[in-house]
Every structure is written in structure tokens, then in C-alpha cells.
Amino acid sequence: MRELFDRDFDVLVIGGGITGCGVARDAAMRGLSVALVERDDFASGTSGRSSRLIHGGIRYLEHGRFKLVHESIRERQILLTIAPHLVKPLAFTWPIYQGARIGRLKLSAGLALYQLMALGRSHLPSLLGVKKTLEREPSLQRNRLKGGAVYYDAATDDSRLTVATAVSASDNGAVVVNHVSATRILRASEKAIGAELKSQNTSQTGDVRARVVVNATGVWQNAGNAIDHGVGSRGSKGVHIAVPRERIGNHDAVTMISSVDGRVMFCLPAGRQAIIGTTDTWTDEAPEAVHASMADVDYLLRSANSYFPDARLAFEDVVSAWAGIRPLVATQSNNPTSASREHSIVADASGVISVTGGKLTTYRAMAAEVVDRVQQTLGQNIRRAPTDTLPLETESSDDEIRRIGQGDPQLTEPLVAGLVYTPAHLIHGVKRCMAKTLSDLLIRRLHLAFETHDHGKDVASLAAEVVAPLLGWDERAKRARISEYNADVERMFAIS
Ligand SMILES: Cc1cc2nc3c(=O)[nH]c(=O)nc-3n(C[C@H](O)[C@H](O)[C@H](O)COP(=O)(O)OP(=O)(O)OC[C@H]3O[C@@H](n4cnc5c(N)ncnc54)[C@H](O)[C@@H]3O)c2cc1C
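Printed below as a string of C-alpha cells:
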């Protein structure tokens, strides 16, 4: 935090979700001096609660969002290239049932258009008969099955993508700090000149000065945040649940049309688990407290059971349930599902540039547009950085973790039987990925909290032992960090 007070920056970015981290990386790569502050942790907001898809968004074709789909498909291709360890191709089977809202004809037209927009940069989708559909996904409901289709998008780890972007911004010279809030924009002669900051851990306060301020606080603008966005936006809540994959038996991703309300949703493979989501309902809930309700979970279970009847999923099968809020550009629409996922960039009278809306998939393109505005404000010529070609990571995290574990078998012992996470992952999280709390580690650097019924509470003290020497925690600090962790997971994974 001290580094923030010693200098005048070209640009201050407020918010360390994918949008803010993308802006910081792009600006740093253009040679600007950059500071980024995040009130909690990178990806602790919406960016760590997505469906983890880097996708063209085939369902947006139904709502005529051709520009968004075109941009998303282009970005999918770029991310597959610049972040191959973090963004991987994923096959989707879309079964078609008799009387479905989207029948064979409509689906084949949609897939043809989707493929056309990809300009051959994706595996060809194909229509399938009943037999081939069941070969791909044998546990699907067979009654009234008329066939299906297979198409290709990509999957990511949303928090790791966000953290990797923050680390890359830092590697390119940006000062990137988590657990520090911007509490007020500083203005002189009605022009923004920086922000007042407060450390969440030490309560230390101070001012950071910058020639341009970018507000990337996502849905926090609706939450009484002192940092006012100036852009109209509305929050739509989306819930996911994780259930044991062996119960469902899905091989790849399955696109479903909810039997409850006809919405498009997914059953996604995630290691030993299947993730089912999402819901889409307007909400005024506070983003830091948002969590799944019983009704959300019931909706997801009913929708999944109608596609995978042998799974007989019940409430007790839910390993974890969590919610996020989509920052959607304000709309009069009563239906959040048809509201635009496009982004908006506006500057207020004092010059604060606010960006909202958009998607994880399109963050890189959004960031480039924002930094163009920053350079215009600074009176500079626009010089785009090669964010579309330079790898996001110089070395994959998996290779770095393997190196940390080399020669010490204790560091490669699983923290929880059957899961890949080891003490080496924790050390990597602290040393390389700026983790400062147990929640940073067990929720976002590792996904352990999503993958265990107790959300990692059982291993919290072991994790605290491993990282205490690196983070300077004494016995008292360890106890405090563990109880903070318990409170965090209670809040995030509660179902009520
Ligand atoms: C359920 C769901 C599923 C989704 N699935 C997908 C998907 O599969 N693919 C896809 O492309 N997109 C998806 N999205 C959309 C995508 O997740 C969001 O568009 C994106 O994550 C928004 O990122 P952001 O950085 O704008 O917001 P956030 O990630 O919320 O970041 C804003 C940050 O600002 C910080 N902040 C707030 N106030 C302050 C302050 N005063 N000082 C400092 N920091 C502050 C917050 O702590 C937060 O971390 C999904 C969204 C939801 C809700």
C-alpha cells in the first residue's frame, strides 16, 4: 500500500474483477503507470461466481445480440491462444425433445449462424440422431428424445483467469493491491485526481493520486458504494450448484432448456463434480452477501432431474451452492434473461471513466476500449497493446506449483483425499498469486471451498499452518484468520 502513496500514477483502476484487472494489464502494457485497488480479493465479486465459460453465447442469438456474439466468438479464439492453460475447448451436447421450445430446425439454423460467425475458427457443430446423442451422453432422459446437436465453446477457471490477469498487470509494472478499498474519489477544481484509500486489514488510510480514474466496481455501484458509477446498471442474480458428477454421469457439457420456465441453462463438467446453472432474476441484494435461496436450488434440481432422471438429485446431494450478480446495463425489460450483456463506458463530469456490463469472455476487448479512453483523456496517441497475442502467463501455474513441490513429499500430499490441491498450491497462491487470507486461498486460488461439503473448514487450520510463516501470522493471527474464513464461507455458501 505504501507504494501507492509515493507516486503520481497515470491511471488508478478501482475494482479487481476481470474488468479492472484487464484494464490494469492493458494500460501497463501500453507503458502507462498504473495502480489498481481491490476492496476484497481479485475475483471475489462476480468474476469468481460465473459459469466459467468463455463462449460465443449461442443463446444470445435468440435475442438478436449478433454484435455481442460476434465479439465473444472472436475473444474466445484469442483467449484459447493467449491462455491455453486457463481456457480450454469444451464440447456441448444439446439434446432435443419432442415439443421443445427450440426444435431441430431452429437449433440447426442457430448453429449454422454460430459457425458462420466463427469463420471456421471452431470445430464444426453437427446435428445428431437419437443414437449418437445417447452415445455422447448416455444418462440423458430417453423419453421423447428426438436427437440433438454437438457444438463447441470453451471453459475456464474464472478466478484463476482474473488472478493471472492481475499478476500479469503487476509483472508489467502496475502496482496491484488487494484488500484495499477506495473510499472516496478525490477531486480538485471538480476534476478527479485520485482516491482516498483504506486498508481492510490494518485500517491504514491514505490518498493515491492519478491523472485518470477508472471505476470498474461492477455491481457495487448499486450497493451504496461511495464510488458512484454514473452508469445506470441493474443486478441480475445467478445461482449455481455443484453435485457429484458420478450421480449425473455427464461426459461433457450439456445444454438444457429448463422444464420449469424454458430458459437455456447448462450442466457443466468440473472434475469430480457437475455444475448446474444458472438462474437469472433481478435482485437488489448486497453483492457481498448474495447467496442461493432454497427456491433457486429447487429450480436447478428440478431442471436437471428432468434431463437426467436416474440421478434423482435431491437437496442433500448439493455439495455447494453459490450466487453472483451480473452487472447489466440498465434496461426497462422485465426479463433479465433477454437484457443486454453488452458493456457501457462513460465518463462523468469530473472525468471518472466508468465501465459496466460485458462478460468475462469479452473482458480483453472491453479493457482495450477503456484504455483508449484513458489515453485520449491523457492527450496521448492511442497505441494498442498486443494483449491479443502475448501469452497471459509466462509459465503455467501448474508448472510453477510442480516446481514448488519438487523434493518435498509433504508439499505434494493432497489437502483433502481425492482432490488435487496440496500445500504447494497454497505456497504458490501466496508467493506468486497475491493471496493474503484463507478465503483468497481456499475459495479463489484453489477451488477447494466449492468442492467439499464443509467448504474447506476442516482444512483451514492446516492451510493456516502452511502459510503462516509466509504471511507472518502468529498463533493469534492464525485463529483470527480461521474464524474469518468460517464466516466468509457461511456467507457465500449459505442456502436460505
Ligand atoms: C451467475 C453468473 C454467470 C456468469 N457466467 C458467465 C460466463 O460463463 N461467461 C462469461 O463470459 N460471463 C459470465 N458472467 C458475467 C461475468 O461474470 C461478469 O460480466 C464479470 O465477471 C464482471 O466483472 P467485473 O470486473 O465487471 O465485476 P466484479 O467481478 O464484480 O468486480 C468488481 C470488483 O470491484 C470491487 N470493488 C467494489 N467497490 C470497490 C471499492 N470501493 N474499492 C475497491 N474495490 C471495489 C469488488 O470487490 C469487486 O471485486 C456470469 C455472471 C454471473 C452472475
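Taking the numbering used here, the leading residue of the sequence shown gets -14, the next gets one more, and so forth.
Think of the CB as a built atom: it goes at the ideal place given N, C-alpha and C, for glycine as much as any other residue.
(request) Compute the Euclidean distance between the alpha carbons of A462 and H236, then round it to the nearest angstrom. (result) 44 Å
(request) Apply the 10 Å Cβ neighbour rule to E175 and answer buried if 16 or more other Cβ atoms are within range, or exposed otherwise. (result) exposed
(message) Measuring only the C-alpha atoms, how far is L404 from P74?
(response) 22 Å
(request) Quick one: using the 10 Å Cβ neighbour count with 16 as the cut-off for buried, is K116 buried or exposed? (result) exposed
(request) To the nearest angstrom, report how far apart D(-7) and K344 are at their CA atoms. (result) 31 Å
(request) Could you tell me the distance, in whole angstroms, from the CA atom of H214 to the CA atom of L(-11)? (result) Per-residue confidence for H214 stands at a pLDDT of 48, beneath the threshold of 50, marking its modelled position as unreliable; no derived number is given.
(request) Output the distance between the C-alpha atoms of E60 and R349, rounded to the nearest integer angstrom. (result) 8 Å
(message) Let me check one thing: in DSSP terms, what residues is S339 bridge-paired to?
(response) N200, V331
(message) Just to confirm the assignment, what range does the beta strand (DSSP E) spanning G95 have?
(response) Looking at the DSSP string, G95 is not in any beta strand (DSSP E); the run it does join, the alpha helix (DSSP H), is 89 to 103.
(request) Leaving out five residues on either side along the sequence, give the residues of the same chain with a beta carbon under 6 Å from the beta carbon of D473. (result) S424
(request) Assess, as a yes-or-no matter, whether the segment 143 to 153 is touched by the segment 17 to 27 under the definition of 3 or more beta carbon pairs within less than 8 Å. (result) yes
(request) Using alpha carbons as the reference points, say which of G2, E23, V8, A68 lies closest to L377. (result) A68
(message) Counting beta carbon pairs with one atom in the segment 449 to 456 and one in the segment 408 to 427, are three or more of them shorter than 8 Å?
(response) yes
(message) Using a Cβ-based criterion (distance less than 7 Å to any ligand heavy atom), does K463 qualify as near ligand 1?
(response) no
(request) Within the same chain, show all residues whose beta-carbon is closer than 7 Å to that of V356, passing over the 5 residues directly before and after it, in chain order. (result) V8, D11, A12, R15
(request) Identify which residue in S155, F293, D(-9), A140 has its Cα closest to the Cα of L64. (result) A140
(request) Report yes or no: do the segment 424 to 437 and the segment 293 to 300 share at least 3 C-beta pairs separated by less than 8 Å? (result) no
(message) Please report the distance separating the alpha-carbon of V199 from that of L38.
(response) 26 Å
(request) From the DSSP output, in three-state form, read off I367 for me. (result) coil
(message) Using DSSP's beta-bridge definition, name the partner residues of Y82.
(response) L130
(message) Assuming the contact rule is C-beta atoms closer than 8 Å, G33 and V54 should be a hit. Round their C-beta distance to whole Å, please.
(response) The Cβ separation is near 25 Å, so there is no contact.
(message) Within 8 Å of any Cβ in chain D, is that where the Cβ of N157 sits?
(response) Checking the listed chains, one finds no chain D in this structure; it contains a single protein chain.
(request) Leaving out five residues on either side along the sequence, give the residues of the same chain with a beta carbon under 6 Å from the beta carbon of A277. (result) V224, A306, A308, I480
(message) Can you tell me which residues form a DSSP beta bridge with S184?
(response) V165
(request) Can you say whether Q391 is buried or exposed, counting buried as having 16 or more other CB atoms within 10 angstroms of its CB? (result) exposed
(message) Am I right that G133 and L113 are in contact with their C-beta atoms under 8 Å? What's the rounded C-beta distance?
(response) 5 Å
(message) Measuring only from the beta carbon, is A201 closer than 7 Å to any heavy atom that is part of ligand 2?
(response) Inclusion of ligand 2 in the displayed structure is not the case, the ligand content consisting of ligand 1 alone.
(message) One question on the structure: do Y136 and L96 come within less than 8 Å of each other, judged by their Cβ atoms?
(response) yes
(request) Count the other C-beta atoms from every protein chain shown that fall within 10 angstroms of the C-beta of G203, then say buried if there are 16 or more, exposed otherwise. (result) buried
(request) Starting from C6, trace the alpha helix (DSSP H) both ways and give me its first and last residue. (result) 3 to 14
(message) Between H164 and ligand 1, is there a pair consisting of the residue's CB and a ligand heavy atom that are separated by less than 7 Å?
(response) no
(request) Have a look at S188, R196, Q189 and flag the residue whose alpha-carbon is nearest the alpha-carbon of I170. (result) R196
(request) Just grab the DSSP bridge partners of D(-7) for me. (result) R194
(message) So if DSSP puts T141 in a beta bridge, which residue, or which two residues, is it bridged to?
(response) V72
(request) Report the residue ranges of all alpha helix (DSSP H) runs contained in full by the segment 248 to 289; include only those spanning at least 4 residues, in chain order. (result) none
(request) State the start and end residues of the unbroken beta strand (DSSP E) segment that holds G309. (result) 305 to 314
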